[in-house]
Amino acid sequence: MWTLALWVFPLLCKLSLAALPTKPENISCILYFDKNMTCTWRPEKETNDTSYTVTMICYYSKKSCTAKATEASIWFRSPSAYVTPPDDCTVEVEAQNRDGKVKSDITYWELTSIVKTEPPIILSVNPISNKMFQIQWKPHEDIYVFDLMCTLRFRTVNSSHWMEVNFKDHGRVYNLTGLQAFTEYVLALRFRFSESRYWSKWSKEATRMTMEEVPQVLDLWRILEPADVNGDRKVLLLWKKARGAPVLERTLGYNIQYSAENSTILTEINNITTQQYELLLMNQTHHVSVTSFNSLGKSQEAVLRIPDVREESFQCIEGMQAHIAEPLLVVDWQSSIPEVDTWVVEWLPETAGSKLPALSWESVSQVTNWTIEQDKLKPFTCYNISVYPVLGHRVGEPYSIQAYAKEKAPSKGPVTGVENIGLKTATITWKEIPKDIRNGFINNYTIFYQAEGGKEFSKTVNSHALQYDLESLTRRTYYSVWVMASTRAGGANGKKINFKTQSISVFEVVLLISLVGGGLLLLSIRMVTWGLRKPNRLTRLCCPDVPNPAESSLATWLGDDFKKSNMKETENSGNTEDRVVKPCPVPADLIDKLVVNFGNFLEIVSTEEAGKGQESILGGEANEYVTSPSRPDCPPGKSFKKPSVLSEVASEDSHSQCLGMAEEAYSEFDKQPPSSCQSPGLEPPCEQQTQNPYLKNSVTTREFLVHESIPEHSKREI
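So in this note's numbering, the last one in the sequence shown is 734, and the numbering has no gaps at all.
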């Protein structure tokens, strides 16, 4: 039992690991007439070693054929012995590898439906007339009994557009009509069995030219120049072959005839070889005709009416648009007069101005649109396109637009500037880009602006705007701004410029000045009002009192001798030139007795003022303090209630003598200016100078020591 199991197990494993080939499907066959039959199927490639066996059986001829292949295609050699249309065949494909075999489904084929021939041979192309060719041809194989379907294609030499004509074979000859006279054509031919699905390839191309004929009527146009003072003007006549005329049409020359309207005088100009001529016409309506001629005759007349200078042209074009329809530029317009069916289109590059060599024109009929290939126009160039309506022999008012055949981004961006910079606003201005570098129509402008270290913002305006007001900016901040001009094909940025918003506005400055000025004005008004109410205070504030040395309290202290001395000085003040200062002996202790004790004086004054607050009486204690004439702070007639302690006691005689000497020395000292005298009695007398009354008050407080035993009357005299 175990022996049987060990023997069966490897067999089962082998069967489970077997990989049969993929079943062939999508079988396709082509019968190359009088050559071979080729069949293909899927899958095209197997992963393991697979071989194929193809069996073909023909029912009518009762023949069969078997062929082997290692790839997913096979062709039968020399099939003419057993495969010839018309016949029906079956094809079966068997795939085999080391693990087994797989057969495809049986396919059925009608040989007439899968037959394919070689390209035909064009024997001749003969021009029968100026509009017809006769083409003779034959198949590459010997085919006699089958109906054939043919296709003939043709085009002019200068065109890439093919036109096709289908026909059934009738004796291997075909007449091609509807051609243009004196035009070169290129022709090619192909055919197939009428029931076959496969066309032959195109035959070798043949080139021929149709016969010549009388030239066709010309297209005639004019350019009117302004009239001179006499009403005469120059008229430039332009003509060319009509649209659709033979390209190779030969012309020997042109004839021109013109005459004034309602006149029998006819002027003729013959044998012109150029396609333009300039006429000088008087101020009246003229009729002009141009004809072309060759060896066969002359064309019909092309007639044009030249209106009077004062004649008004009619208008009928209501609107016009231009758009791109690859590979054409299309111009459409709307007419208000249905009777107008002829139009003349002019186009001129804007950079050329009005130069005649750059002007192009064309006549169209029966349509209200005009097309031109983009390659015939300069790219990135603006064209002025004008359409003239023609009704009979009358030419109406033109309608003009501008158009580009191709556009791209401008070569440069706009020049940008900044104006009216405020706290939070600024006006961005820019200039139009010159037309020669626009490369298209400007659709819009985009303003980009960015604060220093901030986020970038943008605003877009239409193509008519040349400035934009930025708002909601930040005070006292640097900004960068630039403008981009955009066409339909792209945009170009202008140069970046920088500006800074203001820190304070004019309004704020005016407001601040107004507030300060108003405050000062109110203060001045209040001061004037206060001065008018209290004039004495205002007078004292503006003009303070200057103390008079003659009214100093020193006069009260020294008595009548001081007054007399002052009077004597006053009397002698008129004659200062003869006055000589005489030296006076001074006691040795005078300077010590005239010691200035300004600090003690202030202390005593403040003490007595606080303690008593009444008028002081001359006399009092043993010591007395006298205020210097230079200090008007203590009014005369007041004394101190509590004099300072006596610091030195002297006899009455010595005191009287000292007072006399002090009075005389004070008088002499007062006469000398302080700038020239250093010490009274010690230096030679100074030269006489103009006295300054204020120098008399420059002496500080002096302390005089009075003995307690001095009589009361002596104190009062002092």
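Where a beta carbon is used, it is the ideal one built from N, C-alpha and C, also for glycine.
Are the Cβ atoms of residue i and residue j separated by less than 9 angstroms?
| i | j | result |
| --- | --- | --- |
| E448 | I458 | yes |
| Y293 | L320 | no |
| T289 | G260 | no |
| K78 | E134 | no |
| Q331 | G412 | yes |
| T56 | S44 | yes |
| A318 | E423 | no |
| N287 | N299 | no |
| T54 | E108 | no |
| T493 | G438 | no |
| H303 | S329 | no |
| Y190 | L164 | no |
| F309 | T283 | no |
| L486 | T441 | yes |
| P395 | A421 | yes |
| V403 | K511 | no |
| T397 | S379 | no |
| I520 | V434 | no |
| R188 | W153 | yes |
Is it right to say residue i is buried, meaning 16 or more other beta carbons lie within 10 angstroms of its own, or is it exposed?
| i | result |
| --- | --- |
| T226 | buried |
| V196 | In the sequence under discussion, the amino acid at residue 196 is Gln, which differs from the Val named in the question. Label assigned to Q196: buried. |
| M336 | buried |
| N455 | buried |
| F473 | exposed |
| I401 | buried |
| A35 | exposed |
| K523 | Note that residue 523 is Phe in the sequence shown here, rather than Lys. Exposed: under 16 other Cβ atoms inside 10 Å. |
| T476 | exposed |
| S145 | exposed |
| M179 | exposed |
| G590 | Per-residue confidence for G590 stands at a pLDDT of 44, beneath the threshold of 50, marking its modelled position as unreliable; the derived number appears in the next sentence. The residue is exposed, with fewer than 16 neighbouring Cβ atoms inside 10 Å. |
| M543 | exposed |
| S311 | exposed |
| K120 | The sequence shown places Ser at residue 120, rather than the Lys named in the question. When all chains shown are included, S120 counts as buried. |
| S176 | exposed |
| T235 | The identity of residue 235 in the sequence shown is Asp, whereas the question assumes Thr. It is buried - the Cβ of D235 has at least 16 other Cβ atoms within 10 Å. |
| T367 | exposed |
| S96 | Note that S96 scores a pLDDT of 46, beneath 50, so its modelled location is shaky and nothing firm can be said. |
Can you tell me which residues form a DSSP beta bridge with residue i?
| i | result |
| --- | --- |
| M225 | E200 |
| S427 | S427 pairs with nothing; no bridge assigned. |
| T503 | G506 |
| M179 | F170 |
| G433 | T445 |
| Q390 | Looking at the DSSP assignment, Q390 forms no beta bridge with any residue, so it has no partner. |
| E472 | Q466 |
Among the options, which one has its Cα closest to the Cα of residue i?
| i | options | result |
| --- | --- | --- |
| A419 | I529, I388, P143 | I388 |
| K247 | S427, T301, W215, P414 | The sequence given here places Gly at residue 247; Lys does not occur at that position. Closest option to G247, Cα to Cα, is T301. |
| L264 | P323, E200, Q291 | E200 |
| Y461 | G470, E423, E472, G507 | G507 |
| H186 | I151, D50, F198 | I151 |
| P40 | S540, T71, E110, R549 | E110 |
| Q291 | N478, A258, I444, G535 | A258 |
| R114 | V497, A276, G194, D65 | D65 |
| H480 | S502, P143, E472, R492 | S502 |
| V103 | E211, A467, D121, L295 | In the sequence as presented, Val is not what sits at residue 103; that position holds Asp. That would be E211, whose Cα lies nearest to the Cα of D103. |
| P231 | M500, G116, S315, F209 | S315 |
| V118 | V406, T38, G469 | T38 |
| T128 | G116, D121, C105 | C105 |
| L364 | Q466, L205, I417 | I417 |
| V173 | P373, Y415, E524, L203 | L203 |
| Y415 | L240, S351, L531 | S351 |
| I444 | F515, V304, P405 | F515 |
| D50 | R491, I138, D158, V383 | D158 |
| L192 | F207, R171, F209 | R171 |
| W386 | K256, E327, V499, E362 | E362 |
| K256 | P242, H339, L205, V360 | V360 |
Can you find a heavy atom of the ligand GTP that lies under 8 angstroms from the Cβ of residue i?
| i | result |
| --- | --- |
| T66 | By its list of ligands, the structure shown contains no ligand whatsoever, and the ligand GTP lies outside what it can speak to. |
Does any CB atom of chain B fall closer than 9 angstroms to the CB of residue i?
| i | result |
| --- | --- |
| V526 | Judged by its chain identifiers, the structure shown contains no chain B, having just a single protein chain. |
Point to revise | Runs of beta strand (DSSP E) wholly within the segment 303 to 388 (minimum 3 residues, chain order) | key: Whole beta strand (DSSP E) segments, 3+ residues: 318 to 322, 333 to 341, 344 to 351, 358 to 365, 376 to 381.
Practice item. At 3 residues or longer, and completely inside the segment 266 to 299: list those beta strand (DSSP E) runs for me, N to C. Key: 269 to 276, 283 to 288, 292 to 297
Exercise for review: Jot down the residue ranges of each uninterrupted alpha helix (DSSP H) in the segment 233 to 262, minimum 4 residues, whole runs only, in chain order.
Suggested key: none
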